[in-house]
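Top line first, the protein sequences correspond to chains R and C. Each residue of the first sequence is one higher than the one before, starting from 1 at the first, in the numbering used here. Each residue of the second sequence is one higher than the one before, starting from 1001 at the first, in the numbering used here. Just so you know, even glycine gets a beta-carbon here, dropped at the ideal spot from N, CA and C.
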Amino acid sequence: MKIHEYQAKEILRKYNIPVPNGILITKKSQAADAAKKLGTNVVVVKAQIHAGGRGKGGGVKLAKNPQEAEKHAGNILGMTLVTPQTGAAGQRVRKVLIEEGMPIAKELYMGILVDRQTSRVLIMASEAGGMEIEEVAADTPEKIFTETIDPVTGVKPYTARKIAFALNLDGEVMKKIIPFIINLYDAFIKEDCTMLEINPLVITSDKRALALDAKVDIDDNAMYRHKDTQKLRDLNEEDPAEVEASKFNLNYIKLDGNIGCMVNGAGLAMATMDIIKLSGGEPANFLDVGGGADEEMIENGFRIILSDPSVKGIFINIFGGILRCDILARGVIAATKTLAIKIPVVVRMEGTNMEEGHRILKNSGMNFVIGNGMKDGAQKVVKAIQ
Amino acid sequence: MSILVDEKTRLITQGITGREGMYHTEQSMKYGTRVVGGVTPGKGGQKVLGNVPVFNTVRDAVAKTKANATMIFVPPPFAADAILEAADAAVELIICITEGIPVNDMVDVYKYLQSTESRLIGPNCPGVISPGKAKIGIMPAHIHKKGNVGIISRSGTLTYETVGQLTHLGIGQSTCVGIGGDPIIGTRFIDVLKLFQRDRGTKAICMIGEIGGTAEDEAAYYIKKNVTKPVVGFIAGQTAPPGRRMGHAGAIISGGQGTAEEKMKVMRRCGIKVVKSPADLGKTLQKSL
Chain R
1 MKIHEYQAKE ILRKYNIPVP NGILITKKSQ AADAAKKLGT NVVVVKAQIH
51 AGGRGKGGGV KLAKNPQEAE KHAGNILGMT LVTPQTGAAG QRVRKVLIEE
101 GMPIAKELYM GILVDRQTSR VLIMASEAGG MEIEEVAADT PEKIFTETID
151 PVTGVKPYTA RKIAFALNLD GEVMKKIIPF IINLYDAFIK EDCTMLEINP
201 LVITSDKRAL ALDAKVDIDD NAMYRHKDTQ KLRDLNEEDP AEVEASKFNL
251 NYIKLDGNIG CMVNGAGLAM ATMDIIKLSG GEPANFLDVG GGADEEMIEN
301 GFRIILSDPS VKGIFINIFG GILRCDILAR GVIAATKTLA IKIPVVVRME
351 GTNMEEGHRI LKNSGMNFVI GNGMKDGAQK VVKAIQ
Chain C
1001 MSILVDEKTR LITQGITGRE GMYHTEQSMK YGTRVVGGVT PGKGGQKVLG
1051 NVPVFNTVRD AVAKTKANAT MIFVPPPFAA DAILEAADAA VELIICITEG
1101 IPVNDMVDVY KYLQSTESRL IGPNCPGVIS PGKAKIGIMP AHIHKKGNVG
1151 IISRSGTLTY ETVGQLTHLG IGQSTCVGIG GDPIIGTRFI DVLKLFQRDR
1201 GTKAICMIGE IGGTAEDEAA YYIKKNVTKP VVGFIAGQTA PPGRRMGHAG
1251 AIISGGQGTA EEKMKVMRRC GIKVVKSPAD LGKTLQKSL
């Protein structure tokens, strides 16, 4: 689960990680007051959306006085912010964070993530702060220092020192960065993050270390032990159809094409999208109804696929294991009737009771197209929508 | 021949009294797997599915039944604990079906397993089947056929799809191993490739990967150096958008890493016959035999 910058910073505060003072506003009229309350010469007006790259899209502005803060807040609130991560459609800004300006002496990068290669937590740090870390990794990988953490010891002072020396920090700053790094790791573990990125981590001219920005991803699978964190979910930042699907435990991701697909299992669902593309079509979505899909799942799946107006045809690809094809066929018929589906539906079923399933579809008197295998099914749905 | 599981495997199920655990234990027994017991804390002393004894702890179960494999159906909040308990009781093969274990729990589990002799398959996997010998997991038994193609896969139903194609062509499987769709798993492609290369009953290998991580790339380099048997490969998610988790916790392209295109390129370069269409897996394996 993604959360907003201001929420991430709340979490960091709990772990004694210094962050700039800031006030969240939702109306332009609150901006000047917020700036006055912060009391610094300069304040930063920052759009709160989940996607990164906000500065590039005009979602982060400096203000030299409260009036300017109000002007920027007015422009940013309600705007549709397009960044390299939002896609062309952009994301509407509903909240703005007004934050005190900082006398920045140095911008660093620090990120914590789970490294799949070592199956351990990895800390990445770089002196090239304020830039996209992917770009740094591609252009100047030598500027990134990585430290793999043994889960038994966690981050100890020596671990933090290694990272600090690699960042060429010393003296007063060194003393402050060691607890910073230790606490950051602590937050990562205790909050069940899958990613925690501080970019930039700034060193101020008065030798303080602060998290100027914060990006946090929290493990959905760990949400059962973080009831408070669950409240941080912002449904405005998610696709409405995806939110709806998640209520039924369906895995749905909207794509740009016009062929809706309903599949059981994530791997087969991806492979189905691939074969639609190879057959000359464009998948409208990823939808995994799960290994043991039932009638109700099928109906919900249909409803979610059809909520996308660009869908011109549907391809159902089910490999029945526990789920019997005859039950699936009845579910497809029932849902088609209930939802009065008019667009072509191609059904490919394999596995338990396949013949019976095919017979039920044929005898339904309805207009299903039967796919014999994945490839045949994909080609038939592509043809059906032409 | 086969790898990992066969008619000699002595299986227990952790979470045997739960709905899923009970159902799939029964299915495995029907297939011929030697199920010697089960574990559900607090239900020790009961018998289920006819004559299968239930124990309170894995240690008890191992002491009384000499089990050497376990199949885990424990819900996600308790599954990491179940894996650790099995490893602590020195169960050789731990197959964890459970999907949804927090990744940080798995970091700890992985570390602990390195200090033991146990092998973990999964989590978030369909299990392992050696057709005609034993089935440990949730795969539909009837689509399989005994033979000489070994399958390793991160996906469940896509493995069934491949098995279905092969069986349809009259080609059987030595062992099918679902290694799981999570970012941290106990057994990786390379570990299974090593076993298939050594297994005299396996003549060709099918490797089914997906987007996310670099495990397939590492496996490809390993194959180039160490595997003499023909390998056919497929990567699911050629059309998946970056930054989105495609169902499996591990199926995500992040920071430009882990795309299907890149994996397929590396695999091809290492001599693997990579198919673009999942519908071609069966035929391509047939030709390679």
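Run of the beta strand (DSSP E) containing residue i, from where it starts to where it stops
i	result
Ala-211 of chain R	209-211
Thr-1070 of chain C	1069-1072
Asp-288 of chain R	285-288
Tyr-109 of chain R	104-115
Phe-1234 of chain C	1231-1236
Pro-200 of chain R	193-204
Glu-100 of chain R	96-100
Gly-145 of chain R	Note on identity: in this sequence residue 145 of chain R is Phe, with Gly being the wrong assignment. Counting along the chain, the beta strand (DSSP E) containing Phe-145 of chain R begins and ends at 144-149.
Chain-ordered neighbours of residue i on chain C, where CB pairs are closer than 8 angstroms
i	result
Met-131 of chain R	Neighbours of Met-131 of chain R on chain C: none; closest Cβ ~13 angstroms, over 8 angstroms.
Asn-221 of chain R	Pro-1076, Gly-1100, Ile-1101, Pro-1102, Val-1103 and Ala-1249
Residues that residue i contacts on chain R, provided the C-beta gap is smaller than 8 angstroms
i	result
Pro-1077 of chain C	Tyr-224 and Arg-225
Glu-1161 of chain C	Leu-268, Ala-271, Phe-319, Glu-350 and Met-374
Ile-1184 of chain C	Val-114, Arg-116 and Ser-119
Val-1107 of chain C	Val-114, Ser-119, Arg-120, Val-121 and Pro-151
Closest Cα partner of residue i within the set the options
i	options	result
Ala-63 of chain R	R:Ile-49, R:Ala-73 and R:Val-43	R:Val-43
Val-1109 of chain C	C:Gly-1100, C:Ala-1080, C:Pro-1102 and C:Glu-1117	C:Ala-1080
Gly-1018 of chain C	C:Glu-1007, C:Ile-1003 and C:Pro-1041	C:Pro-1041
Asp-206 of chain R	R:Ala-105, R:Pro-344 and R:Met-79	R:Ala-105
Pro-240 of chain R	R:Lys-254, R:Leu-232 and R:Ala-88	R:Lys-254
Val-155 of chain R	R:Asn-21, R:Ile-316 and R:Pro-179	R:Pro-179
Ile-189 of chain R	C:Ala-1215, C:Ile-1151 and C:Asp-1105	C:Asp-1105
Glu-172 of chain R	R:Asn-300, R:Arg-225 and R:Ala-209	R:Ala-209
Ala-1249 of chain C	C:Pro-1278, C:Val-1227, C:Ile-1205 and C:Gly-1181	C:Gly-1181
Val-19 of chain R	R:Glu-282, R:Leu-108, R:Gly-58 and R:Glu-99	R:Glu-99
Pro-1102 of chain C	R:Gly-260, R:Asn-221 and R:Leu-361	R:Asn-221
Tyr-389 of chain R	R:Ile-316, R:Lys-56, R:Val-202 and R:Ile-198	Here chain R has residues from 1 to 386 only, and residue 389 of chain R is not among them.
Thr-336 of chain R	R:Ile-112, R:Gly-74, R:Leu-361 and R:Gly-357	R:Leu-361
Val-1035 of chain C	C:Pro-1140, C:Gly-1247, C:Ala-1061 and C:Ser-1277	C:Ala-1061
Lys-143 of chain R	R:Met-131, R:Asp-150, R:Ile-149 and R:Thr-153	R:Met-131
Met-262 of chain R	R:Ile-305, R:Gln-85, R:Glu-296 and R:Asp-228	R:Ile-305
Leu-201 of chain R	R:Asn-285, R:Asp-256, R:Ala-269 and R:Leu-12	R:Leu-12
Ile-1253 of chain C	R:Phe-368, R:Asp-33, R:Gln-67 and R:Arg-116	R:Arg-116
Ala-137 of chain R	C:Ala-1204, C:Gly-1038 and C:Gln-1257	C:Gln-1257
Arg-94 of chain R	R:Asn-183, R:Leu-108 and R:Gly-74	R:Gly-74
Pro-84 of chain R	R:Gly-78, R:Lys-56 and R:Leu-97	R:Lys-56
Euclidean distance between Cα positions of residue i and residue j
i	j	result
Thr-1259 of chain C	Gly-1212 of chain C	7 angstroms
His-1144 of chain C	Gly-1172 of chain C	7 angstroms
Asp-376 of chain R	Ala-31 of chain R	59 angstroms
Cys-325 of chain R	Met-349 of chain R	6 angstroms
Gln-1114 of chain C	Glu-135 of chain R	35 angstroms
Lys-1287 of chain C	Ala-271 of chain R	22 angstroms
Val-1074 of chain C	Ser-307 of chain R	36 angstroms
Glu-127 of chain R	Lys-215 of chain R	18 angstroms
Ala-245 of chain R	Arg-303 of chain R	9 angstroms
Gly-331 of chain R	Asp-139 of chain R	53 angstroms
Arg-161 of chain R	Ile-177 of chain R	8 angstroms
His-72 of chain R	Ile-112 of chain R	32 angstroms
Ile-1095 of chain C	Ala-1087 of chain C	11 angstroms
Asp-294 of chain R	Gly-78 of chain R	42 angstroms
Asp-192 of chain R	Ile-1208 of chain C	30 angstroms
Ala-1134 of chain C	Met-1246 of chain C	31 angstroms
The alpha helix (DSSP H) enclosing residue i, as first and last residue numbers
i	result
Gln-1257 of chain C	Where Gln-1257 of chain C is concerned, there is no enclosing alpha helix (DSSP H), given that its DSSP letter is neither H nor E.
Arg-13 of chain R	5-14
Thr-1167 of chain C	1157-1168
Leu-122 of chain R	No alpha helix (DSSP H) holds Leu-122 of chain R; the beta strand (DSSP E) holding it covers 120-126.
Arg-1019 of chain C	1019-1031
Asn-168 of chain R	Premise fails: Asn-168 of chain R is in no alpha helix (DSSP H) and is neither H nor E.
Pro-66 of chain R	66-76
Tyr-1112 of chain C	1103-1113
Val-332 of chain R	325-338
Phe-1196 of chain C	1189-1198
Phe-302 of chain R	295-306
Amino acids of chain C, ordered along the chain, whose beta-carbon sits closer than 7 angstroms to that of residue i
i	result
Leu-278 of chain R	Lys-1276 and Ser-1277
Leu-306 of chain R	Those within 7 angstroms of Leu-306 of chain R in chain C number zero; the least Cβ separation is about 20 angstroms.
Asn-300 of chain R	Correct list: empty, because the minimum Cβ distance to chain C is about 16 angstroms.
Gly-265 of chain R	Ser-1155, Gly-1156, Thr-1157 and Leu-1158
Partner residues on chain C for residue i, Cβ-Cβ distance less than 9 angstroms
i	result
Val-347 of chain R	Those within 9 angstroms of Val-347 of chain R in chain C number zero; the least Cβ separation is about 16 angstroms.
Thr-153 of chain R	Near Thr-153 of chain R there are no residues of chain C at all, since even the closest Cβ is about 11 angstroms away, more than 9 angstroms.
Under 7 angstroms from the C-beta of residue i: neighbouring residues of chain R
i	result
Gln-1173 of chain C	By Cβ distance, chain R contributes nothing, its closest Cβ being about 16 angstroms from Gln-1173 of chain C, past 7 angstroms.
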